[in-house]
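Visitor: Quick one: structure below, then a few questions.
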Amino acid sequence: MIFTDIAAVVYLDADTIVVKNIDVLFKCGKFCANLKHSERLNSGVMVVEPSEEHFNDMVIKVFSMPITLDFPVRVFLTLIFLPKK
Numbered sequence: 012m013i014f015t016d017i018a019a020v021v022y023l024d025a026d027t028i029v030v031k032n033i034d035v036l037f038k039c040g041k042f043c044a045n046l047k048h049s050e051r052l053n054s055g056v057m058v059v060e061p062s063e064e065h066f067n068d069m070v071i072k073v074f075s076m077p078i079t080l081d082f083p084v085r086v087f088l089t090l091i092f093l094p095k096k
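Per the working numbering: the sequence shown ends with 96, consecutive numbering throughout.
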């Protein structure tokens, strides 16, 4: 992994409009995202604490996940971050 000295990454979709300070997002923990729809993850605003272990797990899963043309990023992130039921 390239960036080992980063404590947190805040991802904002291109259609996200920031209207006030977002520093509070950096304090939300290992992983934060909108889980309003429990069957899938909405990654429009997402916070992740990167780690070498997590990165390696993601690389393994990206090559073993089902191929889909419908929201591939959402499918991948759901596979990685949502707990199995």
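Yeah, the Cβ is synthetic: ideal placement off N, Cα and C, and Gly gets one too.
Is DSSP giving Met76 helix, strand or coil here?
Guide: As a working note, residue 76 is residue 65 in the sequence shown. Correct three-state label for Met76: coil.
Visitor: Determine the burial state of Val59: buried for a count of at least 16 other Cβ atoms within 10 Å of its Cβ, exposed for fewer.
Guide: Numbered from 1 along the sequence shown, position 48 holds the residue referred to as residue 59. For Val59, the number of other beta carbons within 10 angstroms of its own is at least 16, and it is reported as buried.
Visitor: Is the Cβ of Thr89 closer than 9 Å to any Cβ of chain D?
Guide: Of the chains in the structure shown, none is chain D; there is only one protein chain.
Visitor: What residue range does the beta strand (DSSP E) around Val21 cover?
Guide: For this step, residue 21 is matched to residue 10 along the sequence shown. Counting along the chain, the beta strand (DSSP E) containing Val21 begins and ends at 20-23.
Visitor: Can you tell me where the alpha helix (DSSP H) holding Val84 begins and where it ends?
Guide: For the purposes of this step, residue 84 is taken as the residue at position 73 of the sequence shown. Run containing Val84: 83-92, per the alpha helix (DSSP H) assignment.
Visitor: According to the Cβ coordinates, are Leu90 and Met57 closer than 9 Å?
Guide: By 1-based counting over the sequence shown, the position of residue 90 is 79. By 1-based counting over the sequence shown, the position of residue 57 is 46. Cβ atoms of Leu90 and Met57: not closer than 9 Å.
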